[in-house]
Amino acid sequence: MKCDVCEAKPATVFLTQIVKGDMQKINLCESCAKEKGVTDPTGFQLADMLLGFGQGARVETQPKEKACPTCGMTQSTFRKTGRLGCSVCYGVFGDGMEGLLKAMHKGTRHIGKVPARINRLMVEEDRLVQLRAALDAAVASENYEEAARLKNEISTLEETLLKRVSI
Amino acid sequence: MMKFTTLLRRPPEWMEHDGPSRDIVLTSRIRLARNLEGPSFPGWAKKEDRMAIMQELQPRIESLTGMKDCFSEDLANLDAIRKQVLVEKHLISREQAAKSGGSAAVINREQSLSIMINEEDHLRMQSIRSGLDLVAAHAALDKLDTELEEQIRFAWDKRFGYLTACPTNLGTGMRASAMLHLPALVLGDQVNQVIQAVNKIGLAVRGLYGEGTDALANLFQISNQHTLGEREGDIIARLEKVIHQIITHERNARRKLLEDSPHKICDHVGRAYATLRFAYIIESKEALTHLSMLRMGTDMGVLPASEARLIDTLLVEIQPAHLQTAAQRKLSGEERDILRAEVLRRRLLHLPEPDMSACSGGPEPEAPDVPI
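Respectively, the protein sequence lines represent chains S and U.
One point on numbering: in the working numbering, the residue at position 76 of the first sequence is 442, and numbering is uninterrupted.
One point on numbering: in the working numbering, the residue at position 11 of the second sequence is 14, and numbering is uninterrupted.
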């Protein structure tokens, strides 16, 4: 388990506090615990510390709650506002949204417009599949000249595809 | 770049053209929601991130082919009245008008395309057309979207389509809507039946200024609610089919009113005419109700059909922010009511008296000719 503060070093200090019936848990590494003054548990307010986490992070009462790694949106905030935080959120919460989407839409899968860049990618991917099949056939029929030509074409296409994905 | 004053002075293209079924359908609008891949959506992003996104998107949008000589402004540079003017012209949303830093609006010269940056999504793009012409409105916006997509990587997912801040816009990110004028269905108490039927098939009915607003001036916005699991073209075709049915209902209701109670129509149009021509203090709601009656009068031949455009213009011109812009100062409610009456009297001065012979089922008994 990693430290909740620096998210890098392993957690060795585990704190649990109950404030007005809400259980709050936090896991810290040794240096973060020192920095936050956790050495003296009596004078320490877990909530204060959680609130002081810098602007990006949000206070959570259940540390195990699902959250978006990119924008920090949590399941409970999403449930409260009905809005997601960023495009990556759909990868995080998407699977749990089927019921919600079924209730509000005609279907749960997109069948409309596909961006041109994706369309081009799909066409090229299809072409790659065809070329690979042709290569297998050429090798099987011992047509090595053709196989060499296909191999060349495949590697050129693979390179352009790789470049496009990384843009 | 177009100045705000020019935007205000120039009538929008849709007002100048007569699209299909313009007598009942004032406008058709398409809205697309788009977001960048990666950065937080506007409602969740920090202000400096919103600023950075606005600075990246605004010049790209300004340089699109359809955006030559556009109006483009950071909302922080517009005062409350100017923002409200854009809302009244349906060029930005009420939600966006409430925002300031890190949010911008780009509007083309014809006012047929408007792009909101950092509303609920990074981009909310709208296309507007006269009459019932959702297909043309969509084609224009789709072209702009595709052009933008060559430069910007929009958040898109194979399963969910275009990713939006709110899951209700997921998929196509498209909201298609039409603004319908349905006075006869309201007068005949049939409009609630129509609304219920429309709601049942997954379409929404809203008032003049969108969600949660009243159906002032007997104007109703009909739009799709589903954006996921249906193609853009199918959503539009389904909506247009329903709207055609509503148009038929409205036309039938008008015919029935003419047959059953011609005096009722004459009375509505006549009182509306008298009030708007001679009132000195008039509230927005009352003015809109009467303008609706005059609009119906132009459709039914009681008033010249050529005046319909003037009435459509007035529906916008008598709104609070438009009045205050004309007065060049902030006005109290009472001052607005006085100025509104003045604008209406002046603009309707040339409007001939309603010719009720067109609706009373035959020529009225003629007064004896008095030789001059």
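From the three backbone atoms N, C-alpha and C, an ideal C-beta is built for every residue, glycine too.
For clarity, every value in this text was computed on a predicted model and none was experimentally measured.
Check, Outcome
"Pick from S:K375, S:G473, S:C398, S:D370 that is closest to K391 of chain S, judged by C-alpha positions", "S:D370"
"Contact set between L466 of chain S and chain U, taken where Cβ atoms lie within less than 8 angstroms", "P170"
"Below-8 angstroms beta-carbon distance, L528 of chain S vs any chain U residue", "no"
"CB contact check: A469 of chain S to chain U, cutoff 8 angstroms", "no"
"Within chain U, partners of L450 of chain S - CB distance below 9 angstroms", "F44, W47, L166, T167, A168, C169, P170"
"Any C-beta of chain U under 8 angstroms from that of S442 of chain S", "no"
"Simplified DSSP assignment, three categories, for L219 of chain U", "helix"
"R25 of chain U and D72 of chain U closer than 8 angstroms at C-beta", "no"
"Distance CB(E40 of chain U)-CB(R127 of chain U) smaller than 8 angstroms", "no"
"Buried versus exposed, by CB contacts within 10 Å (16 or more), R445 of chain S", "exposed"
"Residue nearest to I131 of chain U in terms of C-alpha spacing, selected from U:A142, U:L222, U:E123", "U:A142"
"Contact set between D358 of chain U and chain S, taken where Cβ atoms lie within less than 7 angstroms", "Within 7 angstroms Cβ-Cβ: nothing; D358 of chain U doesn't reach chain S, min ~48 angstroms."
"Three-pair Cβ contact test at 8 angstroms for the stretch 304 to 312 of chain U versus the stretch 234 to 241 of chain U", "no"
"Cutoff 8 angstroms: R486 of chain S Cβ touching any chain U Cβ", "no"
"Chain-ordered neighbours of G41 of chain U on chain S, where CB pairs are closer than 8 angstroms", "T436, C452, S453, V454"
"Enclosing beta strand (DSSP E) for T30 of chain U [first to last residue]", "28 to 37"
"M177 of chain U versus I204 of chain U - alpha carbon distance", "17 angstroms"
"Cβ-based neighbour list, S521 of chain S, same chain, cut-off 8 angstroms, excluding 5 preceding and 5 following", "none"
"Contacts of A503 of chain S in chain U (Cβ-Cβ under 7 angstroms)", "Within 7 angstroms Cβ-Cβ: nothing; A503 of chain S doesn't reach chain U, min ~30 angstroms."
"Secondary structure of D160 of chain U, DSSP reduced to three states", "strand"
"F7 of chain U, enclosing alpha helix (DSSP H) - first and last residue", "7 to 12"
"Rounded distance between the beta-carbons of L516 of chain S and V500 of chain S, thought under 8 angstroms", "Reading off the sequence, residue 500 of chain S comes out as Ala, not Val. Right, the Cβ-Cβ distance comes to about 6 angstroms (below 8 angstroms), so this counts as a contact."
"Status (buried if at least 16 other CB within 10 Å, exposed otherwise) for L10 of chain U", "buried"
"For E76 of chain U: DSSP bridge partner residues", "U:A108"
"Members of the stretch 133 to 163 of chain U that neighbour chain S once the beta carbon cut-off is set at 9 angstroms", "D145, D148, T149, E152, E153, R156, F157, A158, W159, D160, K161, R162, F163"
"I120 of chain U versus L60 of chain U - alpha carbon distance", "8 angstroms"
"Segment limits, beta strand (DSSP E) that includes M182 of chain U", "177 to 184"
"Where E51 of chain U meets chain S, residues with beta-carbon distance less than 9 angstroms", "Simply none; closest approach about 11 angstroms."
"Length of the line joining the Cα atoms of L400 of chain U and H247 of chain U", "Residue numbering for chain U in the displayed model covers 4 to 375; residue 400 of chain U lies beyond these limits and cannot be assessed."
"Contact list for L231 of chain U against chain S, beta-carbon separation under 9 angstroms", "L467, M470, H471, K472, G473, T474, R475, H476, I477, G478"
"N499 of chain S, enclosing alpha helix (DSSP H) - first and last residue", "The sequence given here has Ala at residue 499 of chain S, not Asn. It spans 482 to 506 - the alpha helix (DSSP H) in which A499 of chain S sits, taken as one unbroken run."
"Spatial neighbours of I95 of chain U in its chain, beta-carbon cut-off 6 angstroms, leaving aside the 5 residues before and after", "L89, A108, M119"
"Contact with chain S by E113 of chain U, beta-carbon distance below 8 angstroms", "no"
"7 angstroms Cβ cut-off: residues of chain C touching E122 of chain U", "Absence of chain C from the displayed structure is noted, the protein chains being S and U."
"Residues sharing a beta bridge with I225 of chain U, DSSP", "U:A181, U:V208"
"For R127 of chain U: DSSP bridge partner residues", "U:A36, U:M119"
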